Every structure is written in structure tokens, then in C-alpha cells.
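Heads up: the sequence shown runs through residues 6 to 517, numbered per our numbering. Quick reminder that beta carbons are idealized off the backbone N, C-alpha and C, glycines included. As the structure is a prediction and not an experimental result, all values here were calculated from the model. So the structure is just underneath, and the comments pick up after that.
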Amino acid sequence: MHACLYLEEILLEIFSRADYRSLTILARTCRLFCEPALNAIYSDLPGIEPLIKRLPDDLWSAGYDGLLVIRRPLRPQDWEVFARYSRRVRSLRLRWFASDVQLYRALSSPPDPSFLLPNLRTFTWHCLSTRSAEIDAMTAFIRLLLGHNPTEAQLTVSEQALTAFSDLGCTSLRKLVIQSPKGPISANVTEEVICSHSALRSLACGEVTIRALHILSQFPSLSRLTIGLGDNIPSALIFARSPFRKLRYLTINSKSIDACLSMLKATNWNIRCFHHRMDVAYDPAGREALLELLPLQLSHESLKCISLVTNAAPRHDDDPVTNPFSLEQLFNFKYLRILELIGAFLPALDNSSLLRLAEAWPQLQVLILQQKVGRYYPPRVDLTGLALLLEHCPDLCQLTLSVNAIIDTKAPPEPPKSNNTRITSVNFCNSPISKAPEVAAFLSSIIPNLQETLSWTGVVMPDSGVQEYRRRWDSVAQMVPVFAAVRKEEREACMRAQAQTKRDVGRKLSRS
6 MHACLYLEEI LLEIFSRADY RSLTILARTC RLFCEPALNA IYSDLPGIEP LIKRLPDDLW
66 SAGYDGLLVI RRPLRPQDWE VFARYSRRVR SLRLRWFASD VQLYRALSSP PDPSFLLPNL
126 RTFTWHCLST RSAEIDAMTA FIRLLLGHNP TEAQLTVSEQ ALTAFSDLGC TSLRKLVIQS
186 PKGPISANVT EEVICSHSAL RSLACGEVTI RALHILSQFP SLSRLTIGLG DNIPSALIFA
246 RSPFRKLRYL TINSKSIDAC LSMLKATNWN IRCFHHRMDV AYDPAGREAL LELLPLQLSH
306 ESLKCISLVT NAAPRHDDDP VTNPFSLEQL FNFKYLRILE LIGAFLPALD NSSLLRLAEA
366 WPQLQVLILQ QKVGRYYPPR VDLTGLALLL EHCPDLCQLT LSVNAIIDTK APPEPPKSNN
426 TRITSVNFCN SPISKAPEVA AFLSSIIPNL QETLSWTGVV MPDSGVQEYR RRWDSVAQMV
486 PVFAAVRKEE REACMRAQAQ TKRDVGRKLS RS
């Protein structure tokens with residue numbers, strides 16, 4: 006056996022890339038592989054069933070529906086077997102099913118706490134039950150898990166389950182995610198959970214109270230925050246001294262723009278990423294106010310990402326033709342790398358304004374400008390504008406942009422000398438197109454590694470022509486790799502010819 010395979014770090018790297026079947030084979034191959042392979046198998050479990058199946062056959066059985074049933078209490082020797090495998094678990098996902106209650110009860114009385122997942126660091130709890138007796142059985146089990154100081158928890162729970170979790174207490178958590186797919190959780194219940202986890206570095210939750218905001222502002226290590234804001238946020242929100250000192254990533258979900266504006270005005274933010282999502286109401290004045298406020302409250306030097314998303318239907322008086330808005334207020338963020346604008350209306354861009362955008366943000370890596378609701382307006386950026394964008398933003402690797410690819414009698418524009426090899430897929434959104442071969446040839450010269458194009462996947466549509474546009478873009482996606490391969494062969498042939506010419510000249514010089 007090669008000496009490198011005796012290094013545990015190398016084995017862990019190899020086994021982390023192996024699938025389950027390969028790991029089971031490796032575990033039976035030799036003693037050297039057994040422990041690392043078992044650690045990889047049991048490091049991340051979808052539930053406690055794999056651990057129970059390691060116990061003696063007379064202790065459990067599987068019904069016709071595949072559900073496990075505990076047939077007798079665990080004995081000391083059973084706990085020894087259980088501990089042999091449970092110590093390997095680093096991540097566990099717990100789902101609530103009525104049939105699982107008896108499993109949690111059977112495991113809630115270990116002879117020693119170290120027998121029950123002592124090295125658990127991350128757990129996910131999915132519990133939408135509202136029955137207190139069933140929730141109590143799970144929380145008794147979770148209380149034992151929290152005693153081993155896990156650092157991450159993701160909760161997809163009902164309000165009743167979250168209330169029970171708030172009573173458990175776990176000061177070791179560094180990352181907490183709270184979700185409720187069946188409906189919003191009371192902000193007061195969320196506040197109770199927040200108050201008991203002051204060591205958090207990352208928090209994502211629903212709507213929070215004003216008091217919870219003040220508590221979060223003083224968390225010493227909080228660097229990532231995703232919260233919901235209600236309409237009760239005062240316009241003159243004031244935080245204590247030095248709020249959110251370590252915060253670098255801020256995501257705000259709100260029903261109106263006013264709550265977001267109040268939050269931003271409360272302090273100066275030294276953050277890297279700002280995300281705002283709004284689903285209910287959006288108005289032109291609020292949009293302008295937000296764009297004007299961002300350069301005033303957010304650090305020009307540190308901000309790298311701006312994401313503004315709204316799925317609300319536009320107001321009747323919000324017309325991008327008669328009431329356009331500009332991105333020039335954001336050009337102060339000269340180190341911006343990600344810009345995402347998704348919603349009813351987008352900035353009024355043409356080739357010249359897109360060029361100014363590219364010149365203002367030469368380090369841009371992700372550009373997403375996507376209209377999802379509202380009236381359809383033909384894009385004013387054409388293929389020339391697309392080429393200018395790629396020429397001035399060489400690091401761009403993800404692009405979503407509507408482009409007018411209608412080519413009438415004139416030929417496609419002359420492509421730039423440089424091309425972008427990072428982009429492999431482009432979402433052209435609502436882009437009209439006429440001549441697929443000419444467009445494919447042009448794109449292959451500026452995006453030679455393009456493999457996929459998406460278009461016309463949303464609900465914003467013109468009165469006619471969508472099916473034909475979509476068919477032409479599909480043809481473009483098929484032709485671009487062919488054109489790119491031909492161009493590559495041409496370049497290689499030219500390079501070989503140049504190399505041969507140099508060799509011939511060298512021979513002639515040497516003879517003379």
C-alpha cells in the first residue's frame with residue numbers, strides 16, 4: 006500500500022468524494038480504511054433510522070410500510086453498539102412523523118449522555134405539528150442533543166414547535182435558520198428564541214419585533230442577518246451606540262419600502278452584501294428613495310453585492326417610458342461585483358447607459374436584470390451593447406439580460422478582439438431575435454464557451470412571436486458550440502502555421 010494512504014487527511018479527502026456503495030466496500034477492504042469509511046458513511050444522516058438499524062434484530066422491526074418499530078427497551082449492551090456509530094455523526098436531519106415519536110422516546114434515556122451523538126455539530130428539525138404531546142417527545146430528545154453544543158440549527162417548524170424550542174436553550178449555536186412554510190410565525194415568539202442565542206454569527210428568520218432588532222444590534226459576533234420587517238417599524242428608528250459592528254451580509258424582507266428605509270437610516274452600514282425583497286407594494290417614489298439612500302448609508306468601499314427583488318404588480322402610473330429610473334446613484338460603489346434587479350420594471354438601459362454601467366463596475370461578476378411582472382417593453386440594448394458589456398467586464402461569469410437581437414438587413418456588429426470564456430449559460434429573458442445563425446456566429450466570437458441559452462420563461466410576454474423567438478434561441482444554443490469549435494480549430498491552425506513559418510525561417514538562417 007502506498008505510504009500516502011496512511012495519512013488520515015488524504016483518506017478523508019478521498020472518502021468525502023466517494024458514494025455510499027463505494028464507502029461500504031472501502032469499510033470492508035482493510036482495517037486502515039474501516040474507521041475513516043464508517044466516519045464518512047455516518048457523518049451526515051437523514052434521520053436516526055440508520056443508527057437504529059445497527060442495533061440487534063430483536064430490538065426493532067420494520068412494518069410493511071417500512072416504518073421502524075421498537076420492540077423492547079434498549080439494554081446497556083445495545084447502547085454500546087449505538088454509541089459506536091452515533092459518535093461519528095456530525096450532521097442530523099430530524100423530521101416529525103407520528104410514527105417516529107416512539108423512536109425518540111426510546112432514545113431519550115441513555116445511560117450516559119455521551120452515548121447519544123456526542124459530536125453532533127449541525128442539526129435540522131422539520132416539525133409542522135401543533136400537538137403539544139408529540140412536540141414534547143421530540144423536544145425531550147433534542148434537549149439531549151443540544152447538551153453536546155451543536156453550532157448550527159435549521160428549523161422548519163410550526164409556531165408551537167418554535168415556542169418549545171425557545172425553552173430549550175443552547176448557547177453554543179453560531180448559525181440559526183428559522184422557516185415556517187405553513188404561515189408566518191409571531192414576531193414575539195421569534196424574539197424569545199433570539200434573546201437566548203447572543204453568540205450567533207448568522208441568523209435567518211421571519212418578521213421580528215423592534216425590541217428584537219435592538220437586541221440583534223448588540224450581538225458581538227453577528228455577521229450575517231436575514232430578517233423580515235413589518236409595517237410597525239418607526240420612521241425614526243434609533244439604535245444604541247455601535248450597532249451591528251460585525252455585520253457584513255444584510256437581507257431585509259418587507260411588505261413596504263418604508264420599513265427598509267427606516268432600517269437603513271438608523272445607522273451607517275459597513276456591509277459587503279445588501280439584499281432587499283418586497284412582495285406586496287412597490288411604488289416609483291419608494292424605489293427612487295431607496296436608490297438615493299443606499300450610497301448615503303452603505304460603505305462605498307466594502308459593498309460588493311446589491312440585490313433588489315420585488316414580485317409585486319406595478320402601479321398604473323409606474324411606466325418605464327414616461328417615468329424611467331437610473332442606476333447612476335449606485336456608481337459610487339466602485340468595487341461592486343454582483344448586481345441583481347428583479348421585479349416589475351428595470352432601469353431604462355440602452356447601449357450607452359449599459360456602457361457607463363460597465364465602465365463604473367469593471368469588476369462585475371454577476372449581472373441579473375430581469376423583469377418578472379408588468380407590461381412587456383422591447384429591450385433597447387442590442388448585440389453591440391452586449392459586446393461592450395463583456396469587453397469592459399472581463400470577469401463576468403453570470404448574465405441575465407434582455408437583448409434586442411433583431412438583425413434586419415445589416416450584418417451583426419463587429420465583435421471585440423477579446424472574448425469572455427467564463428460564461429457558459431446566458432438567460433436572455435425577453436429577447437426578440439430574427440436570424441439565429443448570424444446571432445449564434447456573433448455570440449460564439451464573444452462567448453466561445455456558451456453552452457446554454459434561456460429565454461421567454463416568465464409571464465411577461467408580447468402579443469405575438471414568443472414561440473418563434475424561443476425556437477430561434479434554442480437553435481442559437483445548438484449552433485454556438487459548433488461555431489466556437491470551428492473558430493478554435495482556425496486559431497490552432499493559424500498557430501501551427503506561424504510556428505512552422507518560424508521554423509522554416511530559422512533553418513534558412515542557420516544554413517546561410
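Per-residue burial, M500 [other beta carbons within 10 Å of its own, 16 or more giving buried]: exposed
Given 8 Å, three or more beta-carbon pairs between the region 398 to 411 and the region 487 to 506: no
Which residues DSSP lists as bridging N432, in chain order: T405, L459
Cβ distance (whole Å) where L50 is taken to contact W101 below 8 Å: Between the beta-carbon of L50 and that of W101 there is about 16 Å, and that puts the pair past the 8 Å contact cut.
CB of L230 within 9 Å of CB of L255, strictly: yes
Any 3 or more C-beta pairs closer than 8 Å across the region 346 to 357 and the region 368 to 377: Judged by Cβ distances under 8 Å, the region 346 to 357 makes contact with the region 368 to 377, as three or more pairs qualify.
Distance, E164 Cα to S191 Cα: 7 Å
Three-state secondary structure (DSSP) of L255: strand
Ranges of the alpha helix (DSSP H) found wholly within the region 195 to 271, counting only runs of at least 4: 215 to 222, 262 to 270
Buried or exposed by the 16-neighbour rule on C-beta atoms within 10 Å, applied to Y25: It counts as exposed.
Anticipated Cβ contact below 8 Å, W220 with L252, distance rounded: Note that residue 220 corresponds to Ile in the displayed sequence, not to Trp. Rounded, the Cβ-Cβ distance is 14 Å, inconsistent with contact.
Coarse secondary structure for C39, derived from DSSP in three states: helix
Status (buried if at least 16 other CB within 10 Å, exposed otherwise) for H305: exposed
Limits of the unbroken alpha helix (DSSP H) element including G511: 471 to 516
Beta-bridge partners of E157, as assigned by DSSP: T127, K180
Whole-Å CB distance - R110 paired with A142, under 8 Å assumed: 6 Å
Exposure label - A442; buried when at least 16 CB within 10 Å: According to the sequence displayed, residue 442 carries Pro and not Ala. Exposed: under 16 other Cβ atoms inside 10 Å.
Span of the beta strand (DSSP E) around H305: According to the DSSP assignment, H305 belongs to no beta strand (DSSP E), since it is labelled neither H nor E.
Extent of the continuous beta strand (DSSP E) run through W65: 65 to 67
Reference L459; option with closest CA among W478, S185, N273: W478
Under the three-state DSSP convention, the category M283 falls into: In the three-state scheme derived from DSSP, where H, G and I count as helix and E and B as strand, M283 is classed as strand.
For T315, the first and last residue of its enclosing beta strand (DSSP E): 310 to 315
For L344, three-class secondary structure by DSSP: Note: L344 maps to strand in three-state DSSP.
Buried versus exposed, by CB contacts within 10 Å (16 or more), C210: buried
Distance between L393 and S357 (C-alpha atoms, nearest Å): 9 Å
Span separating the alpha-carbon of Q472 from that of T462: Cα to Cα, Q472 sits roughly 11 Å from T462.
Contact set for S66: own chain, Cβ-Cβ below 7 Å, skip 5 residues either direction: V74, R76
Alpha-carbon to alpha-carbon, D400 and C434: Whole-angstrom Cα-Cα distance: 21 Å.
Nearest-angstrom Cα separation, counted from I438 out to A482: 13 Å
Where the beta strand (DSSP E) containing R4 begins and where it ends: Absent from the structure is residue 4, since the part of the chain shown begins at 6 and ends at 517.
Paired residues, beta bridge with W101 - DSSP: Answer by DSSP bridge pairing: none, since W101 is not bridged.
L369 beta carbon less than 9 Å from that of L335: Cβ atoms of L335 and L369: not closer than 9 Å.
Inter-residue CB distance, L99 and T135 (contact presumed, cutoff 8 Å): About 17 Å; that fails the 8 Å criterion.
Stretch pair the region 81 to 98 + the region 55 to 69: three plus CB contacts closer than 8 Å: With contact defined as three or more Cβ pairs closer than 8 Å, the region 81 to 98 and the region 55 to 69 are in contact.
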